[in-house]
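In the working numbering, the protein residues as written are 9 to 259.
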């Protein structure tokens with residue numbers, strides 16, 4: 009892949025403070041894009057993502073934003089276009105992936121996850137529509153998850169959000185194709201990332217899924233797919249789900 013295929017483009021990556029989101033931001037910047045990264049609260053993580061991009065000569069900025077709040081999302085998109093002059097690539101990566109047995113799951117638990125994982129991308133897509141329509145190479149890339157396709161215990165809220173995001177991807181591919189905007193989903197599975205909480209424990213479903221390749225994936229391997237989908241070689245791809253899971257699930 010050429011090193012500058014995204015030169016002149018602007019990307020917005022939600023959940024860009026660590027793990028897959030950070031890897032996506034770094035790879036898009038390596039391709040030449042200017043990148044805005046956001047998260048709800050992790051200022052230090054966002055600042056580190058920006059520092060890593062700028063250390064290699066890239067352009068980046070960060071902003072705290074609550075993607076479940078319409079005004080906050082509008083401010084995030086406005087800050088992105090104001091800083092970099094437009095918006096070409098939207099990556100909806102932010103998500104919450106708690107594990108709660110269904111019999112103990114409250115409506116508040118369910119909504120906390122689905123608001124971030126499904127309503128948040130809806131709000132981001134809608135707020136970004138005008139600048140994306142003005143782009144010469146616009147793309148939306150949603151980040152899904154393995155268990156949306158395989159199922160798993162204790163993740164009804166997560167699976168509902170990610171399965172809904174797959175459906176939203178297909179719907180928007182239809183709605184936005186006439187405006188030249190591609191919409192695709194990358195579904196990671198069994199990726200070696202640092203998890204939240206004091207123990208940083210890996211999800212329980214990792215114990216029940218195995219990859220054909222015999223290892224977990226790296227965030228950079230997910231980021232490579234996102235960069236490809238954002239680039240000029242993927243302009244004939246829309247409405248697609250790309251799985252990055254080492255063969256843990258075969259579509």
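Quick reminder that beta carbons are idealized off the backbone N, C-alpha and C, glycines included.
Range covered by the beta strand (DSSP E) that runs through residue i
| i | result |
| --- | --- |
| residue 251 | 249-252 |
| residue 192 | 189-196 |
| residue 46 | 42-47 |
| residue 98 | 97-100 |
| residue 20 | 18-22 |
| residue 32 | Segment 27-38 is the alpha helix (DSSP H) holding residue 32; no beta strand (DSSP E) there. |
| residue 146 | 146-151 |
Rounded straight-line distance, which links the Cα of residue j to that of residue i
| i | j | result |
| --- | --- | --- |
| residue 168 | residue 178 | 16 Å |
| residue 255 | residue 219 | 5 Å |
| residue 14 | residue 147 | 12 Å |
| residue 139 | residue 94 | 6 Å |
| residue 55 | residue 70 | 7 Å |
| residue 205 | residue 126 | Because residue 205 sits at a pLDDT of 47, beneath the cut-off of 50, its placement in the model cannot be relied upon, and the point is left open. |
| residue 136 | residue 226 | 29 Å |
| residue 166 | residue 104 | 7 Å |
| residue 40 | residue 170 | 29 Å |
| residue 251 | residue 150 | 12 Å |
| residue 197 | residue 187 | 31 Å |
| residue 224 | residue 253 | 8 Å |
| residue 141 | residue 17 | 13 Å |
| residue 31 | residue 132 | 20 Å |
Exposure label - residue i; buried when at least 16 CB within 10 Å
| i | result |
| --- | --- |
| residue 59 | exposed |
| residue 11 | exposed |
| residue 110 | exposed |
| residue 195 | buried |
| residue 222 | exposed |
| residue 129 | buried |
| residue 202 | exposed |
| residue 112 | exposed |
| residue 154 | buried |
| residue 68 | buried |
| residue 115 | exposed |
Beta-carbon proximity list for residue i, same chain, < 6 Å, skipping 5 on both sides
| i | result |
| --- | --- |
| residue 33 | 21, 24, 43, 45 and 57 |
| residue 157 | 257 |
| residue 48 | 74 |
| residue 123 | 76 |
| residue 242 | 236 |
| residue 88 | 20, 44 and 95 |
| residue 66 | 37 |
Close Cβ partners of residue i (< 8 Å) along its chain, the five nearest in sequence each way excluded
| i | result |
| --- | --- |
| residue 80 | 73 and 74 |
| residue 207 | In this prediction, residue 207 scores a pLDDT of 43, lower than 50, which makes its location untrustworthy; the coordinate-derived value is nonetheless stated afterwards. The answer is none, since no qualifying residue turns up. |
| residue 35 | 228, 231, 232, 234 and 235 |
| residue 193 | 149, 150, 151, 152, 173, 174, 177, 248, 249 and 250 |
| residue 82 | 135 |
| residue 28 | 101, 151, 196, 199, 201, 227, 230 and 231 |
| residue 117 | 106, 108 and 165 |
| residue 50 | 25 and 26 |
Close beta carbons around residue i, own chain, < 7 Å, minus the five adjacent residues each side
| i | result |
| --- | --- |
| residue 191 | 148, 177, 180, 181, 184, 246 and 247 |
The alpha helix (DSSP H) enclosing residue i, as first and last residue numbers
| i | result |
| --- | --- |
| residue 167 | 164-184 |
| residue 232 | 227-238 |
| residue 135 | 128-141 |
| residue 155 | 155-158 |
Cβ-heavy atom distance, residue i to the ligand GTP, below 6 Å
| i | result |
| --- | --- |
| residue 76 | Absent from the structure shown: the ligand GTP. Ligands present: none. |
Can you list the alpha helix (DSSP H) stretches of 4 or more residues lying completely in the region 58-119, in chain order? 78-92
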